[in-house]
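These notes are about the structure you will find just below.
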Amino acid sequence: MFKSEQSFNVLIGKNIASAATQYTNPSGAGYIADGEILVIGANGALLTAGNTISTSPSIQFVQRSGSNLIFSSIIDGTKVTKYSGANPVSAQQQIISVGYNGTTGSIDLSTASKLFKISYKHNQLVWSEQVFKRVYETSGSTQAKVASDISEQINFMSLPALNGVYSTGDYVSAIMLCNHAGAAITGTATTLTVTKGSNTAVMNNTHNLTSGDYVRIGGTGTIDPVYRVQSVNGNTITLGSPYQSSSGAIAIASVEIITAAQASTAAFGFALFGLPLTWSINPAANNRYEIVSFDVHPGTGWGSTTITNVQDPILGSGLLPQVTEIEWFALGFEGLQSRYNIPLPTGRRDAVDPEYYTIYLEYDIPSVSAITGDVSAKQGLYIFVSDGAAQLTTLRAITNPWMASTPKAFPAIV
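So this is what it looks like as structure tokens:
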């Protein structure tokens, strides 16, 4: 849920160079381009690089959106309290490994029966003090059996929960890992064709895989995923789990066999990867931008099994979903009476690029009260410029020296 203790404006710049010389005459030469952002000085003329508050005590930003011009508030140089710039940061999905993690670790087999629970912590799946969770079970005498049971249950999970939308398979992907080096496939096959989400794989010719073997697909290292061979019918191979990587014809040099006998004594594990969530701007759909966050809870029977937190979830910053949501929320400060009407109110949507550089300003503006007189109210301004756009260089060349000349003497943003 969004929360703001002050109003703010949003301007969004396209991946273009800044070439405009005026913003007042749409039919005249040098008019501001769609998606261009310009800086206006205190006299109404375009500000150029090198100006300070002594030459222009205030500035204003303007963006062209289609045929409309979007203006920021007038910003008094003596009232600016924040000025920052940030490059976009990519999102990162959470990864947790259980047992062998591609380098080290194992599954404790001292107790055969095991329960394994995943609980999800991202906002979509937290209701009051309850969290959405799934429980899986196995009773295996080998690490291969335990890893196969749990990873296959996770990837095949499709039972509906609540309104039929939530299922574990929607939120994490499980892949098996094995410390056995494996061996090359023998026969005349040159490719193995796999389809993401399908447990059917097809060799283009003869091979030596049999039911009960394990097959490493997509590489020959111990960090590459392994699948149980459930059955073989000629060149058609049924895997124990739906294939989790991209579809394609995998060169046979990147496919290896681990026989059933070899697997029975090998160290196995499984890695859980958070999956991208469905995102939309529609608030009624409860599909706000989020990253999957989860905890694992090995229950009775896991003993000294290795649990490795490989990487934490990171939302990232300056990404299209985030910029789109901030742009939508800011429409309320531009006069949109209700952001949550059904159907969703329409407004400008200028966020289209995958990543944006973020400029943020915060400043005081006068607010008149009949009781207390003039008081200061804070306002913010987000300027999102498509990452790498030439106009970003121009904007910073204008704003950096001007901001450095304010009482706060802000350092340049880069």
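My numbering puts the last residue of the sequence shown at 417; the count rises by one with no breaks. Where is the CB? At the ideal position from N, CA and C, for every residue including glycine.
Selection 379, 38, 302, 313 evaluated against residue 111 yields 302 as nearest (Cα-Cα). In this structure, the straight-line span from the alpha carbon of residue 404 to that of residue 180 is close to 54 Å. Looking at the DSSP output, residue 196 bridges to 205, 252.
Residue 330 and residue 73 have their alpha carbons spaced roughly 12 Å apart. In the structure shown, residue 48 adopts coil according to DSSP, grouped into three states. Going by DSSP, residue 74 is part of the beta strand (DSSP E) stretching over 71-74.
Bounds of the alpha helix (DSSP H) holding residue 402 are 393-407.
The beta-carbon distance between residue 205 and residue 218, rounded to whole angstroms, is 13 Å. This is too long to meet the 8 Å contact definition. Residue 64: member of the beta strand (DSSP E) spanning 61-68, first to last residue. Counted as a single uninterrupted DSSP element, the beta strand (DSSP E) harbouring residue 140 occupies residues 136-142. Shown here for residue 386: same chain residues with a beta carbon closer than 6 Å to its own, the five before and five after excluded, namely 14, 362 in chain order. Shown here, residue 12 sits in a strand according to DSSP, grouped into three states. Under DSSP, residue 273 takes part in a beta bridge, and its partners are 101, 179.
Nearest to residue 214 by C-alpha distance, out of 260, 254, 185, is 260.
In this chain, residue 268 is not harboured by any beta strand (DSSP E); it is covered by the alpha helix (DSSP H) spanning 263-268. Assignment of residue 315 by DSSP, reduced to helix, strand and coil, places it in the coil class.
The shortest CA-to-CA distance from residue 193 to any of 178, 211, 183 is the one to 211.
Per the Cβ contact rule, the region 76-86 is not in contact with the region 268-283 (fewer than 3 Cβ pairs under 8 Å). Residue burial is scored here from C-beta neighbours: residue 57 has fewer than 16 other C-beta atoms within 10 angstroms and is therefore classed as exposed.
Just so you know, the alpha carbons of residue 198 and residue 360 end up roughly 36 Å apart.
Per DSSP, reduced to three states, the secondary structure at residue 149 is helical.
Assigned with DSSP and collapsed to three states, residue 28 falls in coil, not helix or strand.
Buried is the label assigned to residue 148, since at least 16 other Cβ atoms lie within 10 Å of its Cβ. Judged by their CB atoms, residue 246 and residue 185 are not nearer to each other than the 8 Å cut-off.
Looking at 327, 309, 66, the one whose alpha-carbon comes closest to that of residue 105 is 309. As the crow flies, the alpha-carbon of residue 389 is around 40 Å from that of residue 244.
Residue 294 is positioned such that its CB atom lies closer than 8 Å to that of residue 316.
Residue environment for residue 155: buried (at least 16 other C-beta atoms within 10 angstroms of its C-beta).
Taking the Cβ atoms as the reference, residue 50 lies roughly 6 Å from residue 401, within the contact range of under 8 Å. Taking C-beta separations shorter than 6 Å and ignoring five residues to either side along the sequence, the partners of residue 141 in its chain run 117, 149, 152, 153, following chain order. Cβ atoms of residue 63 and residue 381 stay farther apart than 8 Å, at about 17 Å. Taking C-alpha positions only, residue 395 is separated from residue 86 by approximately 15 Å. Per DSSP, the unbroken beta strand (DSSP E) holding residue 119 starts and ends at 116-123. DSSP links residue 369 through a beta bridge to 379. Residue 319 is not a Cβ neighbour of residue 114, given a cutoff of 8 Å. In the DSSP assignment, residue 329 falls within the unbroken alpha helix (DSSP H) covering 323-333.
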